[in-house]
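Read left to right, the sequence shown gives residues 161 to 411 (the working numbering).
For every residue, glycine included, the Cβ atom is placed at its ideal position computed from N, Cα and C.
First comes the structure, then the notes that go with it.
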Amino acid sequence: MVLLIRFGDDSLPPIEPFLARLVGEFEIEASPRQALKFWSVLADIRPDWPHACIKAADLALAAGELDRCAGWIATATTETRRNHWYWDIAARHAVETGAIAMAMDYWGKALALVPPELAEVFRQRRREARRGVGVMQARSLLDGGDAVAALDLLQRLVAEDPEWQPLRSLLLQAETIAGPIAGNQTDLPGKEELHRFSQFLARAAARVGIPLHPIIAKEEVADRDLDACRQDLERFSGSLGEAEARFALES
C-alpha cells in the first residue's frame, strides 16, 4: 500500500477517498491509538495531503503527544494552512503549551477561513480558553510576581471579552500592581507621586466596592514610605481577588 500511495498510477482513481473512509470517525472513536498510527504513517508518506496531516496532528494532540503534533503543525504545507481545522488544532496545541495569546491569534485565523455554519464552534473554544486557561495563567503570573506579563495577557483577553467581569477585575488588579513596578524601574516617587498613587487606589476601590483606607492628605504622605504603600497595595489586591471570586460564584 505504501508503494501504491507513493507511486500511484495516475490513470487509476485517486486513493485518498478510500483511505479516508478506511479509518474514519467510527474507527477513530473505537481505537484512537491505532488510528493515530495509521494517519501518522500517511502524514509522513504524503505531507502534501492536508487531510492526512490534519488528522495526524489532531489525533496526536488528543493523545497528549504534543511534540508530534507540533511537528505536523510546523511542517504543514501552504495548502494545509488554508484549512480552518489546521488553525483550530494549532490553537488548541498553543493552549496546551500555555501560549494563550498565540492561541487567540490562531483561532482568529480559523474564523477567517471557517464556513459560517461552523464559526460558533471556534468562537466557543476561543471563549472557553480565554475564561478558563487564560484566567488561570493570568492569576499564576500575578501570584508569581510577574505583574507586567499578566497585564499584557489580560489586556489582550479583555480586548476580546470586554463584558466579562472576572477578566475586567483581574485586569484592574494587574494594572494596580504593575503601575508601581513600572515606576520603580526609574526614579523613586516623591510626595506628589505617592499622593496620586493613594488617590488611584481609592478610586479603584470605590469603583468595585472594596473598602480601603481613606485618601491620605498630602501633608501626611511624607510620613508614609514605599513599604507602607506596598502593604496597602497587597491588601487591596487580596480584597480584589476575593471580590472577583465572589462575583464568579454569583454569576
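- Integer-rounded CB distance, given that Thr238 should sit under 8 Å from Pro207: So it is not a contact: roughly 12 Å between Cβ atoms.
- The alpha helix (DSSP H) with Trp209 in it runs from where to where? Boundaries cannot be given for Trp209, as no alpha helix (DSSP H) includes it and DSSP labels it neither H nor E.
- Task: Could you tell me the distance, in whole angstroms, from the CA atom of Ala270 to the CA atom of Ala250?
- Result: 9 Å
- Message: If you follow the alpha helix (DSSP H) that Gly268 is in, where does it begin and where does it stop?
- Response: 260 to 273 is the span of the alpha helix (DSSP H), which, as asked, contains Gly268.
- Item | Sub-8 Å separation of Ala289 and Ala261 beta-carbons | no
- So the alpha helix (DSSP H) Val413 belongs to, where does it begin and stop? Residue 413 lies beyond the residue range present for the chain, which begins at 161 and ends at 411; the question has no answer from this structure.
- Span of the alpha helix (DSSP H), counted from its first residue to its last, around Leu314: 307 to 320
- Just the Cα atoms here: how many angstroms apart are Asp204 and Ala212? 9 Å
- Taking all protein chains shown into account, do 16 or more other C-beta atoms lie within 10 angstroms of the C-beta of Arg242, making it buried, or fewer, making it exposed? exposed
- Could you tell me which of Arg287, Pro276, Ala298, Thr257 sits nearest to Trp267, measuring between CA atoms? Arg287
- Task: Use the C-beta contact count for Thr240: other C-beta atoms within 10 angstroms, 16 or more gives buried, fewer gives exposed.
- Result: buried
- Query: Does the Cβ of Gly294 have 16 or more other Cβ atoms within 10 Å, making it buried, or fewer, making it exposed?
  - Reply: Under this definition Gly294 is a buried residue.
- Task: Taking Leu313 as the reference, give the member of Arg283, Ser300, Glu323 with the closest Cα.
- Result: In terms of Cα proximity to Leu313, the closest of Arg283, Ser300, Glu323 is Ser300.
- Task: Work out the CA separation of Gly339 and Glu256 for me, nearest whole Å.
- Result: 30 Å
- Message: Could you tell me the alpha carbon to alpha carbon distance between Val308 and Phe198, rounded to whole angstroms?
- Response: 45 Å
- Message: Between the alpha carbons of Arg193 and Leu317, how many angstroms are there, rounded?
- Response: 35 Å
- If you run the structure through DSSP and keep just helix, strand and coil, what is Thr336? The answer is helix: DSSP assigns Thr336 an H, G or I state.
- With DSSP as the reference, label Ala223 as helix, strand or coil. coil
- Query: How many angstroms separate the CA atom of Phe282 from the CA atom of Asp321?
  - Reply: 15 Å
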